[in-house]
DNA sequence: ACCATATTATGGTGATTGCCATAGTGTACC
DNA sequence: GGTACACTATGGCAATCACCATAATATGGT
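Protein chains in written order, with our numbering: chain U, 1 to 202; chain R, 203 to 404.
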């Protein structure tokens, strides 16, 4: 194993950025290589699987970065502090959208929307990324639930809301709703294991 | 106003179908016209604005159809029956995904993901469609809230979760989580105006 | 110096992209 | 029968698409 050249990594990073803002099909290899500075001539040396392989790797990079960020916040969550954890997830997404002028989409969401109907490989990778986020969220709220399954269900609700909100906020160019929606979801967080607040009245 | 030819409508309907399953950029005009049976020669007669105009109209058709469906369910919701309304929304989405073998995406979500960064016109149309759905949902749960704003916030949470769940379920090829997630969201529905269940404990 | 391998340049493949100009056909109204 | 208009066929535009074959270069170890 020898070394050198960040062309490969540059290409993957550019793919993450472009797939987030404009999706898969709208991103041409030419634009991708131009923006990354990576040489065009070596693309199929680094990615013999072509554009699909690049998408898989971009998905994996984006997936594990986001998972780490969630895990970091989950680990920093003290017992009883779970509402702050949930609110922080929404807050972070809102901030990212604002900082990017509402261009920061989600690689998984975009690839899924364009490809998961016809490409099982991509669909599986999208699913794997999303599930890793759900599990990371579940870790952060597990103390509030009696069973892991219940925590995972709640985490999936958070994940779905975050994803949907990102889409809505991009179109709206506003993050005004994020805090209020975090509150709604916090309100369905059980206050203590086995005592699911709110659910008793319905 | 004279007459004839369903070519225009056929094209819009095909656009809805294809933009749902594979998004905007991956859908070529050729494929679109082939599948719709609409003649190629008359495309720019019917849509002088080109592909973007077609997207706008597809979005509008998809938007108002979905809005009607939500409104129908909202109107059929008796006071006190709001949890059933929420559950029905998730149930309907799950059924649609199953029936389509998980190809049934959302036009707004796909167009938004690919275009809302660079095309303000499309972004506005996406936002308008989504807001119309949020308002329709808010109508169905308004009785549970003291203010319209609170109902809208809750409705936006439902909308975001539905959107995110659709994306997740397509990749996962499973609707297993829908019912449980509906339950989580029902649990944050106030039991009576002004008494927001669950929120008092956090 | 030599070789093996890693990386890139060059140039092009055929196919497809969205778009459009021109001409022609169909039907309806007078 | 003639005019007006709705609609479609044809053919081709330049540009881009993903992809690849071949050859050149760079860089490491020996």
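A virtual CB, placed ideally from N, CA and C, is assigned to each residue, including glycine. It should be emphasised that the depicted structure is a prediction, and the values quoted were computed from it without experimental measurement.
Nearest to residue i by CA position, among the options, is which residue?
i, options, result
"residue 229 of chain R", "R:241, R:309 and R:267", "R:309"
"residue 362 of chain R", "R:237, R:329 and R:264", "R:329"
"residue 393 of chain R", "R:267, R:377, R:255 and R:282", "R:282"
"residue 301 of chain R", "R:372, R:254 and R:245", "R:372"
"residue 70 of chain U", "U:162, U:12 and U:7", "U:162"
"residue 344 of chain R", "R:382, R:290, R:285 and R:294", "R:285"
"residue 109 of chain U", "R:245, R:368, R:214 and R:275", "R:368"
"residue 180 of chain U", "R:351, R:377 and R:382", "R:351"
Below 8 angstroms on the Cβ atoms is my guess for residue i versus residue j; work out the distance and round it to an integer in Å.
i, j, result
"residue 320 of chain R", "residue 279 of chain R", "Contact flag wrong, Cβ pair sits at about 39 angstroms."
"residue 327 of chain R", "residue 261 of chain R", "5 angstroms"
"residue 225 of chain R", "residue 114 of chain U", "4 angstroms"
"residue 384 of chain R", "residue 292 of chain R", "4 angstroms"
"residue 88 of chain U", "residue 73 of chain U", "5 angstroms"
"residue 437 of chain R", "residue 25 of chain U", "Here chain R has residues from 203 to 404 only, and residue 437 of chain R is not among them."
If we ignore side chains and look at the alpha-carbon of each, how far apart do residue i and residue j end up?
i, j, result
"residue 379 of chain R", "residue 332 of chain R", "23 angstroms"
"residue 185 of chain U", "residue 158 of chain U", "7 angstroms"
"residue 370 of chain R", "residue 257 of chain R", "24 angstroms"
"residue 199 of chain U", "residue 248 of chain R", "With a pLDDT of only 42 at residue 199 of chain U, under 50, the local geometry of the prediction cannot be trusted, and no value is derived from it."
"residue 217 of chain R", "residue 251 of chain R", "15 angstroms"
"residue 9 of chain U", "residue 111 of chain U", "20 angstroms"
"residue 18 of chain U", "residue 57 of chain U", "13 angstroms"
"residue 34 of chain U", "residue 40 of chain U", "8 angstroms"
"residue 269 of chain R", "residue 334 of chain R", "7 angstroms"
"residue 390 of chain R", "residue 346 of chain R", "11 angstroms"
"residue 52 of chain U", "residue 254 of chain R", "26 angstroms"
"residue 6 of chain U", "residue 116 of chain U", "30 angstroms"
"residue 44 of chain U", "residue 62 of chain U", "22 angstroms"
"residue 92 of chain U", "residue 175 of chain U", "11 angstroms"
"residue 2 of chain U", "residue 75 of chain U", "Low confidence applies here, because residue 2 of chain U scores a pLDDT of 46, under 50, leaving its location unreliable and the question unanswered by this model."
Counting only C-beta atoms, is residue i closer than 8 angstroms to chain U at any point?
i, result
"residue 219 of chain R", "no"
"residue 225 of chain R", "yes"
"residue 267 of chain R", "no"
"residue 291 of chain R", "no"
"residue 208 of chain R", "no"
"residue 314 of chain R", "yes"
"residue 359 of chain R", "yes"
"residue 401 of chain R", "Note that residue 401 of chain R scores a pLDDT of 42, beneath 50, so its modelled location is shaky; the value from the coordinates is reported in the next line. For residue 401 of chain R, the answer is yes, since a Cβ of chain U falls inside 8 angstroms of its Cβ."
"residue 263 of chain R", "no"
"residue 346 of chain R", "no"
"residue 374 of chain R", "yes"
"residue 328 of chain R", "yes"
"residue 252 of chain R", "no"
"residue 369 of chain R", "yes"
"residue 243 of chain R", "no"
"residue 462 of chain R", "Residue 462 of chain R lies beyond the stretch modelled for chain R, which goes from 203 to 404, so this question has no answer here."
"residue 239 of chain R", "no"
"residue 296 of chain R", "no"
"residue 228 of chain R", "yes"
"residue 378 of chain R", "no"
"residue 362 of chain R", "yes"
"residue 257 of chain R", "no"
With 8 angstroms as the threshold, decide whether the Cβ of residue i is near any Cβ in chain R.
i, result
"residue 153 of chain U", "yes"
"residue 109 of chain U", "yes"
"residue 141 of chain U", "no"
"residue 70 of chain U", "no"
"residue 77 of chain U", "no"
"residue 184 of chain U", "yes"
"residue 181 of chain U", "yes"
"residue 248 of chain U", "The structure shown has nothing for residue 248 of chain U, since chain U only spans 1 to 202."
"residue 164 of chain U", "yes"
"residue 105 of chain U", "yes"
"residue 136 of chain U", "no"
"residue 132 of chain U", "no"
"residue 58 of chain U", "no"
Apart from the five residues just before and just after residue i, which ones in its own chain have a Cβ nearer than 7 angstroms to its Cβ?
i, result
"residue 239 of chain R", "212"
"residue 375 of chain R", "304"
"residue 104 of chain U", "20, 96 and 97"
"residue 42 of chain U", "7"
"residue 234 of chain R", "213, 216, 217 and 220"
Leaving out five residues on either side along the sequence, give the residues of the same chain with a beta carbon under 6 angstroms from the beta carbon of residue i.
i, result
"residue 357 of chain R", "336, 339 and 340"
"residue 231 of chain R", "none"
Spatial neighbours of residue i within its chain, please: C-beta separation below 8 angstroms, excluding the five flanking residues on both sides.
i, result
"residue 214 of chain R", "256, 259, 260 and 263"
"residue 152 of chain U", "134, 135 and 138"
"residue 121 of chain U", "52 and 56"
For the ligand SAH, is there a heavy atom less than 7 angstroms away from the beta-carbon of residue i?
i, result
"residue 384 of chain R", "Among the components modelled here there is no ligand, and therefore nothing to report on the ligand SAH."
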